[in-house]
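Here the structure is laid out as structure tokens; the discussion comes afterwards.
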Amino acid sequence: MEFLEKWIEYDYNPWILFDSNGRVKTLNQEAQFLLAEATVKEIFDLAVAYANISYGFKTTMLDLNYGRYEFFGIMVGYEDNDTIAIRLYQKPPERISNPHIDNMSSHNIYTLIDLAVSTSSISRHHGFTTSFDPTFPEMKIHPEEFVKLMTEIFLCFNDSEPIEIKMTLKTGETLKFEKKRYPIFQVAVKGDLDESCRTKALSELARKLNGYIVKKENRILFEAPLIAG
């Protein structure tokens with residue numbers, strides 16, 4: 002791999018080269034993660050929409066959100082009718098600059114989720130469904146803050162269908178915490194999401210758990226470092 006190829010491959014900003022039919026010809030490492038949050042068609046249509054009228058390169062400043070990814074601009078370039086490339090300029094991620102480590106203790110995360118479900122079930126006619134990986138270890142977490150966050154997330158869903166809760170370990174991604182990198186666990190809550198739900202308050206609670214919130218379509222995701230107990 003040549004130096005320029007390495008530069009593109011390890012760039013912090015996603016870069017994708019498409020053919021004229023919208024198929025991916027090549028992409029860098031960061032773009033592979035992005036395409037777990039957005040479809041190839043979405044990004045190709047974005048490139049076509051913001052391409053220069055004539056051949057060349059065009060930079061546009063705009064705010065974009067795909068899952069947990071946030072961008073402040075894009076550059077689109079093409080020199081013929083066969084290929085078109087796009088680079089998305091990523092906003093700095095929400096870092097754990099002030100980690101909350103006091104009073105962290107080891108807990109079975111499923112027990113805490115069950116507690117939040119039990120508390121929330123009192124006021125709901127439709128119940129909850131869960132999908133958990135039984136191999137998850139105990140982890141260090143703030144139990145009261147976690148139960149509070151889950152309870153607040155449940156309030157964002159209308160009582161018109163069961164709320165689905167799924168917990169997984171994200172593959173290929175880590176989160177830096179206390180100068181170490183840890184795997185990321187994700188709790189996905191899915192249901193009839195109330196459009197008026199605002200994630201600002203949820204994000205503040207998530208930060209107390211050293212994590213962050215992602216809101217997408219009919220789901221709210223909580224992601225945080227898995228610190229084994």
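The sequence shown begins at 2 in the numbering used here and counts up one residue at a time.
Where is the CB? At the ideal position from N, CA and C, for every residue including glycine.
- About 7 Å separates the Cβ atoms of residue 185 and residue 175, confirming a contact at the 8 Å cut-off.
- For residue 131, the enclosing beta strand (DSSP E) has its first and last residue at 129 to 132.
- Residue pairing for residue 184: DSSP places it in a beta bridge opposite 175.
- Here the alpha carbons of residue 105 and residue 142 stand approximately 5 Å from one another.
- Counting only runs of 4+ residues, the alpha helix (DSSP H) found wholly inside the segment 30 to 102 occupies 30 to 35, 41 to 50, in chain order.
- DSSP places residue 205 outside any beta strand (DSSP E); the residue lies instead in the alpha helix (DSSP H), whose first and last residues are 201 to 209.
- Of all alpha-carbon atoms in 199, 159, 6, the one lying nearest the alpha-carbon of residue 215 is that of 199.
- Under the DSSP assignment, residue 221 falls in the beta strand (DSSP E) whose first and last residues are 220 to 226.
- Around residue 62, the same chain offers 73, 74 as residues with beta carbons nearer than 8 Å, after the five sequence neighbours per side are excluded.
- Residue 8 sits exposed, since fewer than 16 C-beta atoms from the chains shown fall within 10 Å of its C-beta.
- It is roughly 10 Å from the alpha-carbon of residue 164 to the alpha-carbon of residue 157.
- Residue 168 is bridged by DSSP to 188.
- Excluding five sequence positions before and after residue 85, the CB atoms of its chain that fall closer than 6 Å to its own CB belong to 19, 48, 79, given in chain order.
- Take the alpha-carbon of residue 209 and the one of residue 146: they are about 7 Å apart.
- Pairing residue 138 with residue 113 gives a Cβ-Cβ distance that is not under 8 Å.
- With respect to residue 12, residue 31 sits close: the two C-beta atoms are nearer than 8 Å.
- DSSP, reduced to helix, strand and coil, places residue 110 within a helical segment of the structure shown.
- A straight line joining the alpha-carbon of residue 119 with that of residue 187 spans about 20 Å.
- If you draw a straight line from the Cα of residue 140 to the Cα of residue 211, it is about 13 Å long.
- In this structure, residue 14 sits near residue 89, with a CB-CB distance shorter than 8 Å.
- Residue 59 sits away from residue 70, with the two beta carbons spaced by 8 Å or more.
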